[in-house]
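*Asks:* Below: one structure in structure tokens.
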Amino acid sequence: MQRREVYINEDFKIITLITGTLKQNCFIIKHLNSSEIILIDPGDDEDSILKIIKEEGNLLKHVYLTHAHYDHVGAVKKIVDHYNIPYYIHSADLKLLKRASLYSISMENRDIPFSDNYQFYDTEMILWVDKRIEIIPVPGHTPGSVAIKIDDLIFSGDLILMNSDDITKLPGHNVDQSKKSIEFLVQNVQEDSIFFLGHGKNAKFSVITNHLSKLNK
Ligand SMILES: [Zn+2]
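Counting with the working numbering, you get residues 5 to 221 for the letters of the sequence shown.
What follows is the structure, given as structure tokens:
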């Protein structure tokens, strides 16, 4: 299996690194004009993530979490300590964040260090370089799940999972609320959007709406 995938458009280079036992997608997003980097969901394999950030110019600015399941947060502490920057999470997932280590020990016998250098998303819009990053609350997979929208790129965490039974069994998952949030999300993004999922390959808008209609059957 290829552990690394690269997507490039006119503004960004997005490196997807597949990390950990649950094959979680960590996204390293580089703005091509400025070389600034943001990171979404550093789940595991901190050394590989740090190596890629350095190779790409080392200008890491922000770390965002789509939600606080252990497979998405395992490398957070090492990275935010290294760059001495905070990371962002929705306040409704703080409980899960604080329990991430408990879950990872019970599921994988792996300890996850906790960083208290977190901040809550306190706005729905974050300015970064010449872009507006939209933080869209999409509760369902966890109470504090968010989708992160940058132009037509949608980082939807584990809200939309194509075939991952193990992951929907993690604590917090609410099927009906998830469906409502997927509906809300597809109504609020452009039809040429590309969805970068927390696990598995990225997907076009039409793939997501097909998936949604299956869920609704
Ligand atoms: Zn999850």
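All residues carry an ideal CB built from backbone N, CA and C; glycine is no exception.
Could you say which of Leu101, Asn88, Glu59 and Ile57 lies nearest to Val77 if we only look at CA atoms?
*Replies:* In the sequence shown, residue 77 corresponds to position 73, counting from 1. Cα-wise, what sits closest to Val77 is Leu101.
*Asks:* Can Ile154 and Lys135 be called in contact, C-beta distance under 7 Å?
*Replies:* In the sequence shown, residue 154 corresponds to position 150, counting from 1. In the sequence shown, residue 135 corresponds to position 131, counting from 1. For Ile154 and Lys135, yes; Cβs fall inside 7 Å.
*Asks:* Can you tell me whether Asn62 is buried or exposed? The criterion is at least 16 other CB atoms within 10 Å of its CB, across all chains shown.
*Replies:* Locating residue 62 in the sequence shown gives position 58, where the first residue counts as 1. It counts as exposed.
*Asks:* Would Thr70 be called buried (16 or more neighbouring beta carbons within 10 Å of its own) or exposed?
*Replies:* On the sequence shown, position 66 is the one that residue 70 refers to. The residue in question, Thr70, is buried, as its Cβ has 16 or more Cβ neighbours within 10 Å.
*Asks:* Which value, in whole angstroms, describes the spacing of the CA atoms of Gly176 and Gly148?
*Replies:* To locate residue 176, count along the sequence shown from 1; it is residue 172. To locate residue 148, count along the sequence shown from 1; it is residue 144. Approximately 9 Å, taken between the alpha carbons.
*Asks:* Here's the rule: buried if 16 or more other CB atoms are within 10 angstroms of the residue's CB, otherwise exposed. What is Ser197?
*Replies:* In the sequence shown, counting from the first residue as 1, residue 197 sits at position 193. The residue is buried, with at least 16 neighbouring Cβ atoms inside 10 Å.
*Asks:* So what does DSSP say about Ser38, is it helix, strand or coil?
*Replies:* Position 34 of the sequence shown, counted from the start, is the residue given in the question as residue 38. Coil, per DSSP.
*Asks:* Is Asp162 near ligand 1, in the sense that its beta carbon is under 6 Å from a heavy atom of that ligand?
*Replies:* Taking the first residue of the sequence shown as position 1, residue 162 is located at position 158. Correct: Asp162 has its Cβ closer than 6 Å to ligand 1.
*Asks:* Output the distance between the C-alpha atoms of Asn29 and Leu131, rounded to the nearest integer angstrom.
*Replies:* Locating residue 29 in the sequence shown gives position 25, counting from the first residue. Locating residue 131 in the sequence shown gives position 127, counting from the first residue. Spanning the two alpha carbons is a distance of roughly 24 Å.
*Asks:* Taking its Cβ as the centre, do 16 or more other Cβ atoms sit within 10 Å of Phe31, making it buried, or is it exposed?
*Replies:* Position 27 of the sequence shown, counting from 1, holds the residue named residue 31. Burial call: buried.
*Asks:* Which class does Ser160 belong to by DSSP, given the choice of helix, strand or coil?
*Replies:* By 1-based counting over the sequence shown, the position of residue 160 is 156. Strand, per DSSP.
*Asks:* Out of curiosity, what's the CA-to-CA distance linking Leu265 and Asp45?
*Replies:* Since the displayed the chain opens at 5 and closes at 221, residue 265 lies outside it and no answer follows.
*Asks:* Report the start-end ranges of each alpha helix (DSSP H) in the stretch 114-190 that is 4 residues or longer and not cut off at the edges.
*Replies:* Whole alpha helix (DSSP H) segments, 4+ residues: 169-172.
*Asks:* Relative to the C-alpha of Asp126, which candidate in Ala104, Asn113, Thr20 and His94 has its C-alpha closest?
*Replies:* Translated into the one-based positions of the sequence shown, residue 126 becomes position 122. Of the candidates Ala104, Asn113, Thr20 and His94, the one whose C-alpha sits nearest the C-alpha of Asp126 is His94.
*Asks:* Assess contact between the stretch 107-122 and the stretch 82-99, defined as three or more Cβ pairs (one per stretch) separated by less than 8 Å. Is contact present?
*Replies:* They touch, by the three-pair rule.
*Asks:* Could you work out which residue in Leu174, Lys173 and Leu165 is closest to Val211 when comparing CA atoms only?
*Replies:* Position 207 of the sequence shown, counted from the first residue, corresponds to residue 211. It is Leu165 whose Cα lies nearest to the Cα of Val211.
*Asks:* Taking only three categories from DSSP, how would you classify Thr25?
*Replies:* Within the sequence shown, numbered from 1, the residue matching residue 25 stands at position 21. Residue state, collapsed to three classes: coil.
*Asks:* Return yes when at least one heavy atom of ligand 1 lies under 6 Å from the C-beta of His273, else no.
*Replies:* What the structure shows of the chain is the stretch from 5 to 221, and residue 273 is not part of that stretch, so it cannot be assessed.
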